[in-house]
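Residue numbers (the working numbering): 430 to 852. Each remark here refers to the structure printed beneath this line.
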């Protein structure tokens with residue numbers, strides 16, 4: 430447990446409204462026999478979207494529903510800070526990707542539910558605007574957000590193509606219109622504009638006008654450009670994020686280190702994509718995670734492309750992203766999971782979540798006893814959003830009868846809560 434975790438500061442009741450109006454059941458939900466990351470087994474009572482009490486197993490009661498989490502590790506729910514809702518699940522479609530509003534809304538809704546099943550109770554979805562499709566894809570994603578209310582919180586990032594020169598005038602006007610429509614974040618791809626610095630200046634100007642966060646795509650392979658960006662973005666509130674910054678890994682270590690120092694000093698968050706790239710950048714590869722962390726950069730991890738042309742096998746699974754950070758980048762399991770949970774929520778401007786009284790009831794229970802095992806074999810999951818169970822995934826592994834000769838169980842782990850005993 431870190432030093433600051435000994436002095437919890439539950440967010441105010443107003444903070445829970447970050448994703449829009451809640452659909453909350455006033456009745457209590459009791460999560461019993463849950464194992465915490467520190468090894469304790471506890472009961473957790475949830476009321477009106479928040480954690481009301483945490484006590485030793487068997488010590489709490491509730492008038493509402495009870496879910497037995499024996500055999501599960503209970504964690505703060507992950508969040509998805511870098512999704513692409515307009516192109517998600519389009520890899521298998523014949524021909525060009527359809528941007529018809531009904532198609533975008535269907536894909537965005539299905540993708541959000543898929544990621545919710547993985548445990549992400551909040552998503553930041555980048556949506557391209559402009560060209561022949563204008564604001565149509567954004568309106569479709571905003572409609573998906575409305576239909577998902579009460580299940581997951583979805584925030585749209587408006588991503589214009591060009592913002593500078595004569596060609597960029599329409600894009601700049603459309604970016605302002607997108608914020609008025611309901612885009613909660615402004616973003617884009619300055620690397621693809623003829624004037625990357627001018628592009629960033631335009632985005633920061635719109636963000637300051639409307640008081641919204643900034644989330645930009647960049648490969649990060651130009652240290653001078655990163656330095657200018659850090660100087661422009663330093664101190665901007667409510668916050669600036671960039672990603673996936675894979676190009677930093679291709680720079681000499683001393684050059685990349687100086688760029689990371691400037692980003693850290695400016696308070697810029699880097700969202701890396703361990704599972705692969707996305708349509709916002711042309712080159713793929715991992716960001717230098719350990720270098721960024723050693724420089725003190727705020728580091729979160731996202732899923733990126735979810736089965737679209739940029740990554741036709743993308744899973745959009747936060748626990749897989751954490752697994753890759755631990756397996757390939759050498760982070761401790763706790764650090765890796767924080768990148769997709771606490772740090773991701775921080776990057777998205779969401780209130781902090783801890784399994785302690787007073788904090789938002791945004792939780793995921795995964796079958797397993799320790800975090801390392803959960804990241805390795807994260808099959809069965811129970812997801813809680815705003816104090817109620819919104820998704821369950823149950824996985825059962827069986828072996829053929831000849832395995833009995835080995836005197837082994839047919840399934841490792843314990844039965845699912847409320848389900849039949851595993852054999």
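Where a beta carbon is used, it is the ideal one built from N, C-alpha and C, also for glycine.
- The distance from the Cβ of residue 511 to that of residue 672 is about 6 Å, consistent with a contact at the 8 Å cut-off.
- Sequence-distant partners of residue 587 (beyond 5 residues in either direction) whose C-beta falls short of 7 Å from its own C-beta, in its chain, are 556, 558, 567, 604, 607, 608, 612, 615 and 616.
- Between the beta-carbon of residue 727 and that of residue 776 there is about 7 Å, and that keeps the pair under the 8 Å contact cut.
- Shown here, residue 737 sits in a strand according to DSSP, grouped into three states.
- If only uninterrupted beta strand (DSSP E) runs of at least 3 residues are considered, those enclosed by the region 457 to 503 are 458 to 464, 470 to 476, 479 to 485 and 494 to 497.
- Around the beta-carbon of residue 757, fewer than 16 other beta-carbon atoms lie within 10 Å, marking it exposed.
- Three or more pairs of CB atoms, one per stretch, sit closer than 8 Å, so the region 500 to 515 contacts the region 800 to 813.
- Look at the beta carbons and you see the region 490 to 499 not touching the region 782 to 789: under three pairs across the two are nearer than 8 Å.
- Taking every protein chain shown into account, the CB of residue 684 has fewer than 16 other CB atoms within 10 angstroms, so this residue is exposed.
- Scanning its chain for C-beta atoms nearer than 6 Å, with the 5 sequence neighbours on each side dropped, one finds around residue 725 the residues 693, in chain order.
- Sixteen is the threshold: since fewer than 16 other Cβ atoms of the shown chains lie within 10 Å of the Cβ of residue 829, the residue is exposed.
- Counting along the chain, residue 822 sits inside the beta strand (DSSP E) bounded by residues 817 to 822.
- By the Cβ criterion, the region 697 to 704 is in contact with the region 728 to 736, since at least three pairs of Cβ atoms, one from each stretch, lie closer than 8 Å.
- In this structure, the alpha-carbon of residue 533 lies about 31 Å from that of residue 794.
- Under the 10 Å beta carbon count, residue 749 is surrounded by 16 or more other beta carbons and is classified as buried.
- Under DSSP, residue 646 forms a beta bridge with 672.
- Note that the C-beta distance between residue 508 and residue 550 is below 8 Å.
- Burial state of residue 485 is exposed, judged by a 10 Å Cβ sphere holding fewer than 16 other Cβ atoms.
- DSSP lists 479 as the bridge partner or partners of residue 789.
- Straight-line spacing of the CA atoms in residue 481 and residue 809 works out to 25 Å.
- Remark: fewer than three beta-carbon pairs, one from each stretch, lie closer than 8 Å, so the region 589 to 602 and the region 521 to 537 are not flagged as touching.
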